[in-house]
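Each step along the sequence shown adds one to the number in this note's numbering, with nothing skipped, and position 282 is 293.
Even glycine gets a Cβ: it sits at the ideal position worked out from N, Cα and C.
These numbers were taken from a predicted model, which means no experiment stands behind them.
These notes concern the structure reproduced below.
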Amino acid sequence: MLESRLRELESRGLAQLENAADRESLEAARVEILGRKGSLQALSREMAIVPADQKALIGRLLNGVKAALEQAYDRRKAAFDKAALDARLEGEWFDLTVPAPGVRPGKLHPLTQIQQELEEYFTSLGFAVMDGPEVETEWYNFDALNIPATHPARDAQDTFWMEQGHVLRTHTSPVQVRAMEKFGAPLRIIAPGRVFRNEAIDASHEHTFYQLEGMMIDRDVSVAHMVYFLKGLMQAIFRREVTVRLRPGFFPFVEPGFELDIQCLICAGKGCAVCKQSGWLEQCGCGLVHPNVLRNGGIDPGVWNGFAFGLGLTRLVMMRYGIDDIRWFASGDLRFLSQF
Ligand SMILES: [Zn+2]
């Protein structure tokens, strides 16, 4: 009786294991047949009531059935494992014979490229290139530059204030005063660098951008000298002949102060969308250094005078390349950067 049930379990179990469609149904079949509470275990408990003269025979049969079922399980499991491995190898295959893409050389950021061009231009005219701290004192950023306490630029709306009255410099002009203190007169310096404004960011405003400051102090420096250097600067940037003009402009650290425009390079002065039909493009603020600023830098305005200018380097790079969104510069996007 037990013998026939064992044989029946063997053939049913083998079929079930061998026909399992996947790992889960194979595992379910193993538990049902070979598990601790499975069919084979249930039958083996009946050995206790097998007559003594049949115990050896039934015992061998039981072991044989168990071994056959276990082997069938192992075979099927190995087949599933191999199929899974094959699928993975197929998916992760790669061709070792394909040539490597090669070294992709890095490049300088477009801002850095133009900054270096301008440094070279001014160095050739005898200017020194100066650096200054990005965290400035209120004195260097505002007071020493003749900017009154009531000036709106000092407002927290526009400026990042730090502890103990320090600010993230809002322009490169503080370097003017540091340069006068350090070198005295005569003096020719430029100071390119990063500046910060508390701005809402959009296509033409960033909280962080670049300026280039310039200053020349000597005896009898005139507006004509200033125009000469600034015109040369514009031609160096735009790599062609430009026409410039001055308009009056107010900046507390110069007197008189001007805005320097160049004639629109797109429409040659006729008027277009880029120059808003005016024929001119605003380029930089400039003027003769205010006597108070000279005094704050330790230079006697009775003996020396000079000119100073500050231009938006970021804006110049945008104009030179026709970039319409300032946010590209700090985006780190290689599709943008690799074009320069
Ligand atoms: Zn135009």
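Cα-Cα, which of the options is closest to residue i?
| i | options | result |
| --- | --- | --- |
| GLY290 | LEU299, ARG338, CYS278, HIS301 | CYS278 |
| GLN127 | ARG199, CYS283, GLN222 | GLN222 |
| HIS177 | GLU149, ARG189, ALA202, ALA160 | GLU149 |
| MET191 | GLY225, MET173, VAL206 | GLY225 |
| ARG18 | SER55, PRO110, LEU322 | SER55 |
| ALA26 | ALA67, LEU322, ALA83, VAL285 | ALA83 |
| GLY323 | GLU266, GLU217, LYS118, LYS93 | GLU217 |
| LYS66 | LEU13, VAL206, LYS118, ALA94 | LEU13 |
| PHE351 | GLU174, GLN52, PRO121 | PRO121 |
| SER22 | VAL114, LEU80, PRO62, PHE171 | LEU80 |
| GLY49 | MET58, GLY24, ALA31 | GLY24 |
| GLU266 | ILE158, ALA90, LYS287, TRP172 | ILE158 |
| SER349 | LYS88, ARG115, LYS77 | ARG115 |
| PHE91 | GLY317, LYS281, GLU29, ASP336 | GLU29 |
| ILE228 | ALA202, LEU198, GLU147 | LEU198 |
| ARG251 | ARG99, ILE273, LEU257, ALA284 | ILE273 |
| ILE200 | LEU68, GLN175, PHE318 | PHE318 |
| PHE347 | LEU244, LYS118, PHE320 | LYS118 |
| GLU57 | GLY243, TYR332, GLY268, GLY70 | GLY70 |
| LEU241 | THR254, ARG230, VAL61 | THR254 |
Indicate the three-state DSSP secondary structure (helix, strand or coil) for residue i in the structure shown.
| i | result |
| --- | --- |
| ALA202 | strand |
| ASN157 | coil |
| HIS236 | helix |
| THR134 | helix |
| MET330 | helix |
| PRO112 | coil |
| GLN350 | coil |
| GLN288 | coil |
| VAL178 | strand |
| THR170 | coil |
| PRO267 | strand |
| GLY117 | coil |
| GLY24 | helix |
| GLY298 | strand |
| ILE125 | helix |
| PHE105 | coil |
| VAL304 | helix |
| ILE273 | strand |
| PHE207 | strand |
| ALA139 | strand |
| GLU145 | coil |
| GLU252 | coil |
Indicate whether at least one CB of chain B lies closer than 9 Å to the CB of residue i.
| i | result |
| --- | --- |
| GLU130 | In the displayed structure, chain B is absent; only one protein chain is listed. |
What are the boundary residues of the alpha helix (DSSP H) that includes residue i?
| i | result |
| --- | --- |
| PRO259 | Per DSSP, PRO259 belongs to no alpha helix (DSSP H); it is in the beta strand (DSSP E), 255-259. |
| ILE69 | 66-102 |
| ILE310 | Run containing ILE310: none; DSSP gives neither H nor E here. |
| ILE44 | 34-45 |
| GLN187 | 185-194 |
| GLU149 | 149-152 |
| LEU54 | 50-56 |
Under DSSP, the beta strand (DSSP E) around residue i begins and ends at which residues?
| i | result |
| --- | --- |
| ASN316 | 316-323 |
| LEU223 | 219-229 |
What do you reckon, is the C-beta of residue i under 8 Å from a heavy atom of ligand 2?
| i | result |
| --- | --- |
| ILE277 | For ligand 2, the structure offers nothing, since it holds only ligand 1. |
- Query: Can at least three beta-carbon pairs, one atom from the segment 141-161 and one from the segment 102-115, be found at a separation below 8 Å?
  - Reply: no
- Count the C-beta pairs between the segment 234-241 and the segment 336-343 that are closer than 8 Å, then say yes if the count reaches three, no if not. no
- Message: Any contact between the segment 288-306 and the segment 243-263? By contact I mean 3 or more CB pairs, one from each, below 8 Å.
- Response: yes
- Does the segment 180-188 come within contact of the segment 211-220, defined as at least 3 CB pairs closer than 8 Å? no
- Query: Does the segment 161-169 come within contact of the segment 127-138, defined as at least 3 CB pairs closer than 8 Å?
  - Reply: no
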